[in-house]
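Enquirer: In the UniProt record's numbering, the protein residues as written are 1 to 195.
Glycine residues also receive a C-beta, built at the ideal position from the N, C-alpha and C atoms.
Fair warning: this is a prediction, and the values are worked out from it, not measured in the lab.
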């Protein structure tokens, strides 16, 4: 990744704070900044931020001495206007490698979120639901409001994440990490009712 401008660095740091807030509620995932990812034999990219599942059936890449090998579950990059070619290259590389979700945020007075989700064949761009949220499939419980990101209203972004991690989807995601081989002696999952 090229050197970051001050504005891009600030935006990436703010977004990383939000993703790391999610990570506090999600033991079993890595969140790393500016770490090299070897997607295949010839493609090595340094994304702004990656998140990967450490254990279980949803794990897609593995840590190695100098970064990661394979497609991370979640990748986030920050771009300036005018960097469309780099954005297109990265989106294509992550799509081909099978990254579950790729988020590109344009650094502007009102940042714009471009959220891409892999459908098995390629990326679909995902928009907000009726509540104004994008609910991650790569990181269940990570709920992001593009409107709040555009306003740089990080308190609202954090509040959506706080709610998302209390939902059943996040609980089930944690089960895939911590009980990948099933629960001991066939005991059922922890009872959960998010209301």
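#1: Once the 5 residues before and after residue 3 are set aside, which same chain residues still bring their CB inside 6 Å of it?
#2: Pull up the distance between the alpha-carbon of residue 17 and that of residue 121, whole angstroms please.
#3: Alpha carbon to alpha carbon, what distance is there between residue 153 and residue 12?
#4: Skipping 5 residues on each side, what residues in its chain have a beta carbon closer than 7 Å to that of residue 62?
#5: Quick check on this structure: which residue in 169, 157, 93 and 55 has the alpha carbon closest to the alpha carbon of residue 40?
#6: Is it the case that the stretch 79 to 96 contacts the stretch 42 to 60, given that we only count it when at least three CB pairs across the two stretches are under 8 Å?
#7: What number of angstroms, rounded off, separates the C-alpha of residue 108 from the C-alpha of residue 27?
#8: With a 10 Å radius around its C-beta and 16 neighbouring C-beta atoms as the bar for buried, classify residue 174 as buried or exposed.
#9: Excluding five sequence neighbours on each side, which residues of the same chain lie with their C-beta closer than 6 Å to the C-beta of residue 113?
Expert: According to the structure shown:
#1: Here the question's residue 3 lines up with position 3 in the chain shown. There are no such residues.
#2: Walking along the chain shown from the start, residue 17 turns up at place 17. Walking along the chain shown from the start, residue 121 turns up at place 121. Their backbone Cα atoms lie some 31 Å apart in a straight line.
#3: Residue 12 sits at position 12 when you count from the first residue of the chain shown. Residue 153 sits at position 153 when you count from the first residue of the chain shown. Roughly 14 Å separates the two Cα atoms.
#4: Numbered from its first residue, the chain shown carries residue 62 at position 62. 68, 69 and 70, listed in sequence order.
#5: In the chain shown, counting from the first residue as 1, residue 40 sits at position 40. Residue 40 has its Cα closest to that of 93, out of 169, 157, 93 and 55.
#6: yes
#7: Residue numbering aside, residue 108 sits at position 108 when the chain shown is read from its first letter. Residue numbering aside, residue 27 sits at position 27 when the chain shown is read from its first letter. Each residue's alpha carbon lies about 33 Å from the other.
#8: Counting from one through the chain shown, the residue named residue 174 turns up at place 174. Buried, by the Cβ-count rule.
#9: Looking up residue 113 in the chain shown gives position 113. Around residue 113: 105, 146 and 149.
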